[in-house]
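According to this note's numbering, the sequence shown holds residues 2 to 542 in order. Yeah, the Cβ is synthetic: ideal placement off N, Cα and C, and Gly gets one too. Keep in mind the model is a prediction, meaning the values are calculated, not measured. Structure first, then comments.
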Amino acid sequence: TNMNSYLNNPEVIKNYLQSKETIINKNELSGSKQYKDSTIKKDSTFIAYYEKKQKEIKSTEKLYDSLRNKYHEAIKKIQYLRQIFAGNINSPEGSQQIINSLNEAGVHDRHFEKSVRALYAVRTLSIRKTLPAYTDLTVKNIEVNGINAEVNKNNLYTAVLAGIVNFDARDFVLNNQPVSRQYVTAGRIGWGKKEGNHIILTGYRGQKEIFSNQVQDNRALIYGLSIQSQFLLSKNIRLTGEIAQSRVVQSPGVLIDSSLKGPFLKDNSSKAWSLRFNSYFPLSRTRVEGMYEHQGINFQSFNAYKINANTDAWNVKADQFLFSGMMHVTAALNNNDYTNPYVQQNYSSNTVFTTLTATFQKRHWPSVSVGYIPSSQYSIINNEVYESRYQAFNVNMNHTYRLGLAQGVTTVMYNRFFNSSKDSGFVYYNANNIYVNQNIIFAKFSALVGISYTQNPQYLLEVMEAGLSKTLKKAGTIRAGVKLDHLNTLENKLGYYVSATTFVSGKWVFNIYGERSYLPGLGDVLIKNEFINIGFTRYFN
2 TNMNSYLNNP EVIKNYLQSK ETIINKNELS GSKQYKDSTI KKDSTFIAYY
52 EKKQKEIKST EKLYDSLRNK YHEAIKKIQY LRQIFAGNIN SPEGSQQIIN
102 SLNEAGVHDR HFEKSVRALY AVRTLSIRKT LPAYTDLTVK NIEVNGINAE
152 VNKNNLYTAV LAGIVNFDAR DFVLNNQPVS RQYVTAGRIG WGKKEGNHII
202 LTGYRGQKEI FSNQVQDNRA LIYGLSIQSQ FLLSKNIRLT GEIAQSRVVQ
252 SPGVLIDSSL KGPFLKDNSS KAWSLRFNSY FPLSRTRVEG MYEHQGINFQ
302 SFNAYKINAN TDAWNVKADQ FLFSGMMHVT AALNNNDYTN PYVQQNYSSN
352 TVFTTLTATF QKRHWPSVSV GYIPSSQYSI INNEVYESRY QAFNVNMNHT
402 YRLGLAQGVT TVMYNRFFNS SKDSGFVYYN ANNIYVNQNI IFAKFSALVG
452 ISYTQNPQYL LEVMEAGLSK TLKKAGTIRA GVKLDHLNTL ENKLGYYVSA
502 TTFVSGKWVF NIYGERSYLP GLGDVLIKNE FINIGFTRYF N
């Protein structure tokens, strides 16, 4: 820049042209010979200096262009590498993808590669609240307050878990017993990649509630072993099998049929096994899954809820995208067969659940979802667990659009439950429900109106709602509304709700929500339902 400024200076250009003219007309110079020689030498030196600088400018510009091209190539490489990092930072195979991309870009650093592999070897490290997802027959679908760590370095897989189980099934109506203390410890070791081909041995031990008798304290000490193996038949097709054995330690609070109990590995009533198939076909965007699982009547694991019965379950599910992804169709069949030979009624349930859903989404069009979805309800009678099953038909439509300077959101829902009062304690049995909600959003506030219509053979419930929401600049939002409940043309009740959200220092969020509503009860009356919720959220950079 400085050189260009100097060479393009008008005075310098003028001197250069005058010097060129002097050299061309040197024979016409007047004065002494000494003066002529001095003038010619001075002008020749200046011309040589100026032209030398011009050559340097051209050479520097070529170098600048070359460096600029290399710079832009480097920027493109950096952007590409950032995309690779962002796309693989949470991927199990991400470490190898990142290392390969760096090597392709000519950035090879053995120390960095070693650090990346060590970092990605730690699959899970959770302290305090954690959600372990080991296997279907060991520890899964429960919340544990403790420590959970998984390491998969090269082909060696290890894991450890220890903590308090945050899971209870409590009867608040007839027997409001205190919360039972439950805990679990587990360890795993195996060979292979967790997401790829592997064989993993899992051992677990802990204390858990078992619903098997009338004693208030029905906690039992359980332990078990499991072997799981997974085979990748191709990049998008995998087969997973597992076999497990458990043992419940006999105690006064737990009733177990001892006639079927033998040595640990020979106790067939405490065995379980499962087989899963997962596949995805990217060309057609088709996903197919299948599962079969058996659990003996005395088998126990730390996997949410275990019904005290022999269990055989299977399901088949398929997902398909159609019309360039605008429509998503899901179809599924699943079955859970429960049989308990130790009770007089020999309870058995073997209904096949059917699931069929379709979702349509297109820009500027209403999104529509239609589904035939199974539902179930657990009950305990004489300390035995029963499950009532029925189907529900749902249609949801949601549309967002402009209304002048405002934005409109319209929601329409229809639900139908296919069951009767004899097979369920569900108050909305065999009910039709229609819900319509209209929300208009302005710059500083929004307004909504809604109506719900629910009818079954016993009652007709209509609920009308109206509410306002106001944004208080950066302070937060306040919302309030009323609901009018109308039951069987006999009773009317007015409910309301109020909520507020405020932001403090951009990192703290305080919210409060309170509501008085009414639910249909026996005898054609509306029962008051009140609650309040207060919450704090802290955001960290």
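- Between Thr360 and His329, the C-beta spacing is below 8 Å.
- Residue burial is scored here from C-beta neighbours: Thr455 has at least 16 other C-beta atoms within 10 angstroms and is therefore classed as buried.
- Between Ser102 and Ile79, the beta carbon gap of about 11 Å keeps them out of contact (Cβ cut-off 8 Å).
- The C-alpha of Lys56 is placed about 10 Å away from the C-alpha of Glu62.
- Pro11 sits in a helix when the DSSP states are folded into three classes.
- Here the C-alpha atom of His400 lies approximately 28 Å from the C-alpha atom of Gly515.
- It is roughly 4 Å from the alpha-carbon of Leu233 to the alpha-carbon of Arg239.
- A distance below 8 Å separates the beta carbons of Glu466 and Lys484.
- Using a Cβ distance threshold of 8 Å, Asn431 and Phe418 count as a contacting pair.
- In the DSSP assignment, Ile211 falls outside any beta strand (DSSP E), carrying neither H nor E.
- By the neighbour-count criterion, in which a residue is buried when 16 or more other Cβ atoms sit within 10 angstroms of its Cβ, Arg248 is buried.
- For Asn5 against Ile58, the beta-carbon gap comes to about 7 Å, under 8 Å, which counts as contact.
- When beta bridges are read from the DSSP output, Met292 appears opposite Arg277 and Asn316.
- Annotated as distal: Ser302 and Ala221, with beta-carbon spacing of 8 Å or more.
- Counting along the chain, Gly451 sits inside no alpha helix (DSSP H); it lies in the beta strand (DSSP E) bounded by residues Phe446 to Gln456.
- DSSP places Asn440 in no alpha helix (DSSP H) but in the uninterrupted beta strand (DSSP E) bounded by Asn433 to Ile442.
- Scanning its chain for C-beta atoms nearer than 6 Å, with the 5 sequence neighbours on each side dropped, one finds around Ala501 the residues Ile479 and Ile513, in chain order.
- In this structure, Lys508 keeps its C-beta atom at 8 Å or more from the C-beta atom of Tyr519.
- The alpha helix (DSSP H) runs lying completely inside the stretch 13-100 and spanning 4 residues or more are 34-89, given in chain order.
- Nearest to Asn311 by alpha-carbon distance, out of Ser271, Tyr373 and Glu94, is Ser271.
- Within the model, the alpha-carbon separation for Tyr51 versus Leu8 is close to 7 Å.
- Counting every other CB atom within 10 Å of its CB across the protein chains shown gives Glu243 a total of 16 or more, marking it as buried.
- The stretch 183-196 makes contact with the stretch 141-153; the number of CB pairs closer than 8 Å reaches 3 or more.
- Only residues of its own chain outside the window of five on either side were considered, and among them Thr411 and Val450 have a CB closer than 6 Å to the CB of Gln439, listed in chain order.
- In this model, Val317 and Arg277 are separated by some 10 Å (Cα to Cα).
- Between the alpha carbons of Ile200 and Val250 lies a gap of roughly 28 Å.
- Scanning Asn269, Asp313 and Phe322 for the CA closest to the CA of Asn299 turns up Asn269.
- The Cβ neighbour count for Asp110, taken over all protein chains shown within 10 Å, is under 16; the residue is labelled exposed.
- Cβ neighbours of Ser453 within its own chain (closer than 6 Å, five residues either side excluded): Tyr436 and Val464.
- Looking at the backbone, the Cα of Leu284 and that of Gln321 are separated by about 11 Å.
- Residue burial annotation: Lys209 is buried, with at least 16 other C-beta atoms found within 10 angstroms of its C-beta.
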